[in-house]
Structure formats: structure tokens, C-alpha cells
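Inspection log for the structure reproduced underneath, given as C-alpha cells.
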Amino acid sequence: MNPSTARAASKLNLIRLLDSHPEGLGLEEIQSVTGHKSITALKKDLGELYMIEMYPYSPTDAVDLDFDGEKVKIRLPIAVDSALPLSPKEWSLLRSLLLTEKTKEDSKLNHSILTKIDSVIPSGDWSPYQKSKEIIVTAINEKKILTIVYWKRDTQEKETRTLAPWILWEENDSYLLAYDLTKEGFRSFRLDYILDIITTDIKYPNLPDTAGEFLEGFKQLFGADIENTNFAKLWITDSASYHLGMKLKLESTGVQKQIGDTQYREFRTSIRDQNWFVQTILGYGTSVLVSEPKELKDSIQFHLQSIAPSKPNLHTQS
81 MNPSTARAAS KLNLIRLLDS HPEGLGLEEI QSVTGHKSIT ALKKDLGELY
131 MIEMYPYSPT DAVDLDFDGE KVKIRLPIAV DSALPLSPKE WSLLRSLLLT
181 EKTKEDSKLN HSILTKIDSV IPSGDWSPYQ KSKEIIVTAI NEKKILTIVY
231 WKRDTQEKET RTLAPWILWE ENDSYLLAYD LTKEGFRSFR LDYILDIITT
281 DIKYPNLPDT AGEFLEGFKQ LFGADIENTN FAKLWITDSA SYHLGMKLKL
331 ESTGVQKQIG DTQYREFRTS IRDQNWFVQT ILGYGTSVLV SEPKELKDSI
381 QFHLQSIAPS KPNLHTQS
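Printed below as a string of C-alpha cells:
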């Protein structure tokens, strides 16, 4: 199956599974049906279902996920065909029985039923950006130059970069660390912003001695084990907190409040890099509001006023 088709089918089947259980499903229940190798891999797939206010999707494309720490629930803007009368454990048991109880008489029928189940219920594991990762790993091992089309989130523009790939970083978000041949310096590129990637025949250069210095600086900003004493307080909707929790370590304060017609929860999180943090928060629209610190609120207000001075600011809260 085409990788793009398989990826789309996996997402659609997850939507069908969750939509058929409005009471919600635990992560272990979902994993028992989907066959994901780890809860982390499952969370990545679930995170990608969340599209509300995330460029370039509109609210009509949105899939709204809720996660209260125990169960995942889904709300859809349109009805999705629901044809899953069995529980996740029942589906899993049925699949196991068909795989183990094989006889010559019913092998053809078993295969037919398994094919039907796998067309409705997601199975196996899928890694985000798998094709890009394979190209990058091969290029690093074989010292091949890559040309990528990259989406700059701060300006929402596309640009083409020619890179000598160096490291595929997969702690927190996935990044390509590479030497930019045009800018003559090391740069980091988030894999979810890479729109296209091509291997070239350009000769791979000798990397400069600044590689180690760049890596240490990158770890300080994005490393998983680096302590950070700068913190922010945010008001976040339930659905946005699930997706943002994939990018930031959110600590709930247990406080809730109603703002307009929307219910928000208060979270505390560390700020690794203020520019990256601001750009990430802005991508969630009014689903994430900044409460503290003041300098972060001022930075967001300045950014919003610079791009739309006539519109009221909705990203900060007292």
C-alpha cells in the first residue's frame, strides 16, 4: 500500500474507533486494538488528529480530542460512519482467535474476515514522517546532500534549502540537524515543517569544527534533560491541552475558569526558547491564552499588533 494511503487509513480508522465509543477509551484499550508498539507511538498518532486552528486547516476540517488523563474522547464536526459494535478487547480477541485457529477448511474464510477487520480497525505501528526519516538516515550514512522545501512558521512562507545532513534528533519533537550550504552554518529543521525532501549528487563537504558548539547550544534549547528555570502559566482548552502536551511538558494547577463560552484549565510549563514558544502558542489561536510572565504576554501582544493592529488581542489573560 502507498505510504500516504496507509497513513490516511490509519488516521481514519482511529477516528472511527474513538467515534464508536463516545464514553471514551483508555490508551491501553486503544493500543490493544491498534497494535502500536508503544503508548508514545500511539500518542503521536492521536496528536496528529488534532487540527483545530492549526494552519492550513479550517474549523470544518477539525477533529476535537479530549484527554482527561484516563480516557480519550473525540468530537467531530461531521458524522463519520460508525460500524464498530464490539469493544476494543472483543475486536482484539477476535483477531487473535482468527490468527491462531487456522485450519485448511476455513483458512480462506479466516483470511477474508481478517482482511475485513484490518480494513476497519487500525493495526500495526506507523511512525510520523517515516519516509522523510528514511531519506535522512540514508543521506547521513552515505554522506549525501539533501534539498528540502521548508515551511517557515514565523512568516508562513516556503523556502528551499540545500543541506549536509548531520544528526536526526528524536527527543521531544523530531529535528534534522544539518549544515546549510547557502548560509554556511549549522541549522535545525523540524521534520513536521519539511514539505519535500530530495537527495542530490552534490559533493558532501567537510563539516566545520563548530559542530560540537552548535550541538551543545541546540541541547540547551531543546534537549529533554536540560533544566529550565523560566516558566509560563497558560489557560488551555481540554482539546488543545492534549495536543500541546505532545510538545510541552504541561503541569496542571487544578484551576479552571470560564472565559466567554469556553472552559479553560490552568497549566504551568517551562520556556525553552521564547521565540519558538511564542510561535508555537500563536498556532493554537484562542485555545491557548497566556497568563504569566508579563514579558511573554508583551511579546505576544507586540507580535499580534504588528500583523493585525486593528484586531483585539485574545491571546493574553490577566
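Quick note: the sequence shown, position 242, residue 322 per the numbering used here, numbers continuous. Ideal placement from N, C-alpha and C gives every residue a C-beta, glycine not left out. On a predicted model such as this, the values are computed, not experimentally measured, just so you know.
Simplified DSSP assignment, three categories, for residue i
{"i": "residue 164", "result": "Unreliable placement is indicated for residue 164, whose pLDDT of 48 sits below 50; the coordinate value is still reported in the next sentence. Three-state result, residue 164: coil."}
{"i": "residue 334", "result": "strand"}
{"i": "residue 110", "result": "helix"}
{"i": "residue 260", "result": "strand"}
{"i": "residue 212", "result": "helix"}
{"i": "residue 364", "result": "coil"}
{"i": "residue 296", "result": "helix"}
{"i": "residue 328", "result": "coil"}
{"i": "residue 322", "result": "helix"}
{"i": "residue 127", "result": "helix"}
{"i": "residue 371", "result": "strand"}
{"i": "residue 153", "result": "strand"}
{"i": "residue 273", "result": "helix"}
{"i": "residue 90", "result": "helix"}
{"i": "residue 135", "result": "Reliability of the predicted coordinates at residue 135 is poor, the pLDDT of 46 falling under 50, and the value obtained from them is presented with this limitation in mind. Three-state result, residue 135: coil."}
{"i": "residue 306", "result": "Legend: pLDDT at residue 306 = 44, less than 50; position of this residue unreliable, value from coordinates given subsequently. Here residue 306 sits in coil by DSSP."}
{"i": "residue 254", "result": "coil"}
{"i": "residue 282", "result": "coil"}
{"i": "residue 100", "result": "coil"}
{"i": "residue 381", "result": "helix"}
{"i": "residue 95", "result": "helix"}
{"i": "residue 205", "result": "With a pLDDT of only 48 at residue 205, under the threshold of 50, the placement of this residue in the model should not be trusted; the figure read from the coordinates follows. Looking at residue 205 - three-state DSSP - the assignment turns out to be coil, as it is neither helix nor strand."}
Expected contact under 8 Å - CB spacing of residue i and residue j to nearest Å
{"i": "residue 322", "j": "residue 145", "result": "5 Å"}
{"i": "residue 92", "j": "residue 152", "result": "In fact, because the Cβ distance is near 16 Å, the residues do not count as touching under 8 Å."}
{"i": "residue 119", "j": "residue 107", "result": "5 Å"}
{"i": "residue 220", "j": "residue 246", "result": "7 Å"}
{"i": "residue 339", "j": "residue 315", "result": "7 Å"}
{"i": "residue 273", "j": "residue 324", "result": "At roughly 17 Å, the Cβ-Cβ gap does not stay under 8 Å, so residue 273 and residue 324 are not in contact."}
{"i": "residue 317", "j": "residue 290", "result": "That pair is no contact at about 42 Å."}
{"i": "residue 189", "j": "residue 175", "result": "Contact doesn't hold; Cβ gap of about 14 Å is too wide."}
Residue closest to residue i, alpha-carbon to alpha-carbon, out of the options
{"i": "residue 368", "options": "248, 278, 360", "result": "360"}
{"i": "residue 348", "options": "336, 111, 264, 188", "result": "336"}
{"i": "residue 215", "options": "113, 373, 276, 311", "result": "276"}
{"i": "residue 209", "options": "256, 118, 226", "result": "256"}
{"i": "residue 223", "options": "237, 231, 258, 254", "result": "258"}
{"i": "residue 126", "options": "101, 154, 112", "result": "154"}
{"i": "residue 268", "options": "325, 239, 196, 249", "result": "249"}
{"i": "residue 241", "options": "212, 260, 362", "result": "260"}
{"i": "residue 280", "options": "191, 350, 226, 328", "result": "226"}
{"i": "residue 332", "options": "312, 341, 342", "result": "312"}
{"i": "residue 344", "options": "273, 363, 377, 371", "result": "371"}
{"i": "residue 346", "options": "357, 355, 334", "result": "334"}
{"i": "residue 284", "options": "278, 310, 243, 320", "result": "243"}
{"i": "residue 295", "options": "271, 237, 265, 319", "result": "265"}
{"i": "residue 196", "options": "103, 310, 178, 319", "result": "178"}
{"i": "residue 148", "options": "292, 319, 376, 362", "result": "319"}
Range covered by the beta strand (DSSP E) that runs through residue i
{"i": "residue 242", "result": "237-249"}
{"i": "residue 115", "result": "Unbroken run through residue 115: none, as it is neither H nor E."}
{"i": "residue 232", "result": "226-232"}
{"i": "residue 287", "result": "From DSSP, residue 287 is part of no beta strand (DSSP E); its letter is neither H nor E."}
Beta bridge counterpart(s) of residue i as assigned by DSSP
{"i": "residue 357", "result": "In DSSP, residue 357 forms no bridge with anything."}
{"i": "residue 350", "result": "311"}
{"i": "residue 342", "result": "339"}
{"i": "residue 145", "result": "154"}
{"i": "residue 105", "result": "152"}
{"i": "residue 268", "result": "257"}
{"i": "residue 220", "result": "In DSSP, residue 220 forms no bridge with anything."}
{"i": "residue 316", "result": "345, 368"}
Residue-chain proximity (residue i, chain C), Cβ-Cβ < 8 Å
{"i": "residue 280", "result": "Protein chains in the displayed structure number just one, and chain C is not present."}
Contact test: residue i Cβ vs the ligand COA heavy atom, cutoff 7 Å
{"i": "residue 370", "result": "Absence of the ligand COA from the depicted structure is noted, as is the absence of any ligand whatsoever, leaving it without description."}
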